[in-house]
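Position one of the sequence shown corresponds to residue 174 (the working numbering), numbered consecutively onward.
We treat Cβ as the ideally placed atom computed from N, Cα and C, and that holds for glycine.
Below is one structure, written out as structure tokens, with a few remarks after it.
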Amino acid sequence: MRELDEAIRAERINADLAELARLRKYLLSSRVAPLAGRQLIDAIDDYVEKLTGDRRSLHAQNHSIGGG
174 MRELDEAIRA
184 ERINADLAEL
194 ARLRKYLLSS
204 RVAPLAGRQL
214 IDAIDDYVEK
224 LTGDRRSLHA
234 QNHSIGGG
């Protein structure tokens with residue numbers, strides 16, 4: 174039962190991360206409210222760090238500077 178609960182939790186976290194990645198990408202490309210967007214991106218990164226332990230897990234992995 175515990176394994177099932179952990180699997181369900183992991184699935185929910187992955188779904189949350191996918192949604193947060195979409196929102197983060199939108200905010201990065203949006204020019205509507207750059208300061209508010211930056212604050213939201215920072216808040217997303219903080220939350221992702223709490224979920225995964227890795228603040229940069231939603232950051233682009235295919236960029237040339239510091240890519241992972």
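If you draw a straight line from the Cα of Ser203 to the Cα of Gly210, it comes to about 8 Å. The beta carbon of Ile217 lies closer than 6 Å to those of Leu193 and Arg197 in the same chain, with the five residues before and after it left out. In the three-state scheme derived from DSSP, where H, G and I count as helix and E and B as strand, Asp215 is classed as helix. Using a Cβ distance threshold of 7 Å, Leu200 and Ile214 count as a contacting pair.
Less than 7 Å divides the Cβ of Leu224 from the Cβ of Ile186.
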